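Residue 62 is where the sequence shown starts when you use the working numbering, and the numbers rise one by one after that. Built from N, CA and C at the ideal position, the CB exists for glycine as well. These numbers were taken from a predicted model, which means no experiment stands behind them.
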Amino acid sequence: MAKKQGHPKTEQSESGNNNAAATNFIRTIIDDDLKTGKNDGRVATRFPPEPNGYLHIGHAKSICLNFGIARDYNGTCNLRFDDTNPEKEEIEYVDSIKTDVRWLGFDWEEREYYASDYFEQLYDFAVHLIKAGRAYVDSLSAEEIRDHRGTLTEPGKQSPYRDRSVEENLDLFERMRAGEFKDGAHVLRAKIDMASPNMNMRDPAIYRIRHAAHHRTGDKWCIYPMYDYTHCLSDALEKITHSICTLEFEDHRPLYDWVLDQLPVPCHPQQIEFARLNLSFTVLSKRKLIELVDQGHVDGWDDPRMPTISGYRRRGYTPEAIRNFCDRIGVAKRDSVVDVALLEYCLREDLNARAPRVMAVLRPLKVVITNYPAGQSEELGAVNHPEYPERGTRKVPFGRELYIEQEDFMEAPPKKFFRLAPGREVRLRYAYFIKCEEVIKDAAGNVTEVHCTYDPTTRGGDSPDGRKVKATLHWVSAAHAIKAEVRLYDRLFNDENPAAAKQGEHFTDHINPKSLETLTGCRLEPSLAAAQPGDQVQFERLGYFIADTADSKPGTPVFNRTVTLRDQWAKFAKKKK
Ligand code: ATP
Ligand code: MG
Numbered sequence: 062m063a064k065k066q067g068h069p070k071t072e073q074s075e076s077g078n079n080n081a082a083a084t085n086f087i088r089t090i091i092d093d094d095l096k097t098g099k100n101d102g103r104v105a106t107r108f109p110p111e112p113n114g115y116l117h118i119g120h121a122k123s124i125c126l127n128f129g130i131a132r133d134y135n136g137t138c139n140l141r142f143d144d145t146n147p148e149k150e151e152i153e154y155v156d157s158i159k160t161d162v163r164w165l166g167f168d169w170e171e172r173e174y175y176a177s178d179y180f181e182q183l184y185d186f187a188v189h190l191i192k193a194g195r196a197y198v199d200s201l202s203a204e205e206i207r208d209h210r211g212t213l214t215e216p217g218k219q220s221p222y223r224d225r226s227v228e229e230n231l232d233l234f235e236r237m238r239a240g241e242f243k244d245g246a247h248v249l250r251a252k253i254d255m256a257s258p259n260m261n262m263r264d265p266a267i268y269r270i271r272h273a274a275h276h277r278t279g280d281k282w283c284i285y286p287m288y289d290y291t292h293c294l295s296d297a298l299e300k301i302t303h304s305i306c307t308l309e310f311e312d313h314r315p316l317y318d319w320v321l322d323q324l325p326v327p328c329h330p331q332q333i334e335f336a337r338l339n340l341s342f343t344v345l346s347k348r349k350l351i352e353l354v355d356q357g358h359v360d361g362w363d364d365p366r367m368p369t370i371s372g373y374r375r376r377g378y379t380p381e382a383i384r385n386f387c388d389r390i391g392v393a394k395r396d397s398v399v400d401v402a403l404l405e406y407c408l409r410e411d412l413n414a415r416a417p418r419v420m421a422v423l424r425p426l427k428v429v430i431t432n433y434p435a436g437q438s439e440e441l442g443a444v445n446h447p448e449y450p451e452r453g454t455r456k457v458p459f460g461r462e463l464y465i466e467q468e469d470f471m472e473a474p475p476k477k478f479f480r481l482a483p484g485r486e487v488r489l490r491y492a493y494f495i496k497c498e499e500v501i502k503d504a505a506g507n508v509t510e511v512h513c514t515y516d517p518t519t520r521g522g523d524s525p526d527g528r529k530v531k532a533t534l535h536w537v538s539a540a541h542a543i544k545a546e547v548r549l550y551d552r553l554f555n556d557e558n559p560a561a562a563k564q565g566e567h568f569t570d571h572i573n574p575k576s577l578e579t580l581t582g583c584r585l586e587p588s589l590a591a592a593q594p595g596d597q598v599q600f601e602r603l604g605y606f607i608a609d610t611a612d613s614k615p616g617t618p619v620f621n622r623t624v625t626l627r628d629q630w631a632k633f634a635k636k637k638k
């Protein structure tokens with residue numbers, strides 16, 4: 062049975078509770094802005110994915126934060142694709158991102174934007190910068206530009222092209238656009254300060270030449286704006302008020318503000334940084350996730366072991382569990398690693414309430430009830446959810462031949478094993494007490510059947526004479542059970558921090574070889590014959606399972622294990638210490 066679990070120790074959201082409106086430092090900033098009348102009381106955020114991969118659980122944190130703020134402040138949250146990189150971006154990713162944001166429960170209404178929609182406007186702004194003497198075309202090679210950049214302790218050197226005239230810059234930039242030059246021949250740079258202690262301010266490139274087709278603009282452009290230049294202007298054009306991003310952009314904020322200060326933009330959003338989500342036993346960088354997919358370590362982006370939203374969905378995670386998790390971890394200014402056990406805790410909590418209970422035997426061992434008449438069967442009442450009687454009961458058939466779990470029987474049990482063993486009596490859930498009388502083996506000495514007797518007076522699972530047994534087993538009737546494939550998924554990595562590659566190691570060295578075990582001879586109670594793809598249940602004593610959305614069909618079910626009933630890794634962690 063699912064036990065109520067203790068809350069694992071984690072960082073709580075700053076309000077100490079876990080309701081959706083838990084406050085955080087970003088909300089405090091917004092509250093202050095509303096008090097002082099900044100932005101005329103408007104709150105506008107955006108979620109800005111680059112469509113170069115599928116969304117992962119880190120993105121979910123950002124989605125919950127941005128859309129959650131819009132919801133709670135009666136504001137808006139835009140979905141904006143940051144599609145400035147023609148080579149790595151694809152429609153497939155755009156579509157998956159939209160599906161995932163919707164599935165998480167958020168709605169951008171008609172506000173679906175693309176940075177590429179602003180390319181013409183961004184080009185005009187660049188011309189504006191050139192005319193104002195704030196940008197120049199540099200013709201150094203990429204390597205030379207790197208050499209000129211200086212270091213954290215030494216200032217950079219100015220490019221010999223830095224003082225080109227406005228006319229020459231305008232001419233070259235126009236010809237860059239017209240396709241007269243090869244990739245890398247020139248870049249357009251902001252003219253800021255080569256001696257700035259902030260490397261991002263040392264005349265950053267804002268346009269580069271790339272003769273590559275873009276998934277939305279096709280061959281229209283062969284120059285593409287850089288991220289730092291595009292992002293702040295996209296925010297401003299959309300009249301975003303609070304541009305929330307992760308901490309690695311903190312050093313880019315002066316550039317964000319500089320660009321907006323030079324140009325006639327309709328508003329100047331405030332960039333606010335927060336700590337990105339890191340999860341133990343998980344990698345969350347798109348580059349690494351792409352590698353897992355491309356090298357076949359997993360079966361695609363939606364493999365149930367992937368930390369992608371689509372992977373979690375197929376695994377049986379619910380949007381409620383993920384949103385609840387995002388609320389609980391809160392929003393902080395300092396990087397930390399969240400224990401993946403907290404995510405699993407939120408999941409169990411949600412599935413415990415949601416999932417009907419059923420019986421399934423994953424590794425069947427035949428039990429013959431020798432005093433039960435052959436050819437006879439009966440139906441026993443089983444409750445669908447112990448905490449919600451209003452969800453009713455169902456019938457499970459019982460007969461002379463049953464299956465129990467192989468691991469619930471031991472011929473020579475050690476001291477602490479209380480389940481079935483020779484001469485011992487146990488309860489079959491919702492059914493009867495049975496007692497093991499004989500063990501049948503094959504020529505090799507493997508147990509093939511267990512012969513038991515049942516006590517007809519214990520129907521329903523209680524003994525009228527008050528006799529106690531130490532174990533209750535789940536079971537299915539051999540004649541009625543349906544066959545199924547069950548995929549036992551576990552954590553993909555067996556190292557707490559797989560991304561921190563130690564010397565000579567690669568993060569894929571830490572892949573858990575047991576992250577997937579496929580069992581084909583499983584037996585399910587007959588009520589599951591009609592299971593629809595996506596149906597979620599608890600197999601009693603075993604865990605939460607979902608009928609696979611790709612491979613399961615009514616009649617031939619395939620179930621994925623979403624999560625076990627208890628944290629199996631806690632023991633492992635203790636042992637290691
Ligand atoms: P990755 O580092 O995984 O490649 P990214 O930051 O390049 O991710 P984007 O598509 O640019 O991916 O991210 C969209 C938004 O999601 C950005 O605002 C980014 O800050 C945010 N985001 C990405 N990863 C995380 C994370 N781990 N935790 C919180 N927010 C994140
Ligand atoms: Mg990014």
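For GLU111, the Cβ falls inside the 8 Å cut-off from some heavy atom of the ligand ATP. Leaving aside the five residues that flank HIS541 on each side, the residues in its chain whose CB is nearer than 6 Å to its CB run, in chain order, PRO458, PRO587. In the DSSP assignment, PRO425 falls within the beta strand (DSSP E) that extends over 425-430. DSSP, read as helix, strand or coil, puts THR518 in helix. Assigned with DSSP and collapsed to three states, LEU213 falls in coil, not helix or strand.
Proximity to GLY604 across THR617, THR610, GLN629 peaks at GLN629, based on C-alpha coordinates. Scanning its chain for C-beta atoms nearer than 6 Å, with the 5 sequence neighbours on each side dropped, one finds around VAL398 the residues ASN339, SER341, in chain order. By the neighbour-count criterion, in which a residue is buried when 16 or more other Cβ atoms sit within 10 angstroms of its Cβ, GLN564 is exposed. Segment contact: the region 230-241 against the region 180-198, three or more CB-CB distances shorter than 8 Å; contact assigned.
By the Cβ test, the region 563-579 is in contact with the region 349-358, since at least three Cβ pairs between them sit closer than 8 Å. In the three-state reduction of the DSSP assignment, PRO286 falls in the strand class.
Look at GLU311 here: in three-state DSSP terms it is helix. Inclusion of TYR288 and THR145 in the CB contact set at 9 Å is warranted, their separation being smaller than that value. Per the coordinates, the alpha-carbon of LEU585 lies some 36 Å from the alpha-carbon of LEU345.
In the three-state scheme derived from DSSP, where H, G and I count as helix and E and B as strand, THR343 is classed as coil. For secondary structure counted as the beta strand (DSSP E) over 3 or more consecutive residues, the region 439-501 holds these complete runs in sequence order: 454-460, 462-466, 486-489.
Your pair ILE87 and GLY377 does not check out as a contact, with CB atoms roughly 31 Å apart and the cut at 8 Å. The closest heavy atom of the ligand ATP lies less than 8 Å from the beta carbon of SER123. As the crow flies, the alpha-carbon of VAL429 is around 14 Å from that of GLN467.
Membership of VAL155 in the alpha helix (DSSP H) is indicated by the continuous run 152-164. Per DSSP, LYS96 lies in no beta strand (DSSP E) segment; the continuous alpha helix (DSSP H) that holds it begins and ends at 86-97. Placement of the Cβ of ASN385 at a distance of 8 Å or more from every heavy atom of the ligand ATP is found. At a threshold of 8 Å, ASP411 does not count as near the ligand ATP, since its beta carbon sits no closer than that to any of the ligand's heavy atoms.
Of the other Cβ atoms in all chains shown, fewer than 16 fall within 10 Å of the Cβ of PRO525; this residue is therefore exposed.
Judged by their CB atoms, GLY166 and ARG488 are not nearer to each other than the 9 Å cut-off. The beta carbon of SER123 lies closer than 7 Å to those of PHE108 in the same chain, with the five residues before and after it left out. Annotated as distal: ALA416 and GLU448, with beta-carbon spacing of 9 Å or more. Burial is judged here by how many other beta carbons sit within 10 angstroms of a residue's own beta carbon; MET367 has at least 16 and is buried. For ASP363, same chain residues with a beta-carbon under 6 Å away, outside a window of 5 residues either side, are SER371, GLY372, ARG375 in chain order.
In this structure, PRO594 is the residue among PRO594, PRO615, ARG602, ARG627 with its C-alpha nearest to the C-alpha of ASN621.
Not one heavy atom of the ligand ATP sits closer than 8 Å to the Cβ of ILE495.
SER226 is classed as exposed because its beta carbon has fewer than 16 other beta carbons within 10 Å across all chains shown. Cβ atoms of ASP396 and ALA492 stay farther apart than 8 Å, at about 53 Å. Looking from the CA of ARG210, the closest CA among LYS529, GLY194, MET255 belongs to MET255. An exposed status is given to GLN182, since fewer than 16 other beta-carbon atoms sit within 10 Å of its beta-carbon.
With a contact defined as Cβ atoms closer than 8 Å, PRO112 and VAL162 miss out at about 12 Å.
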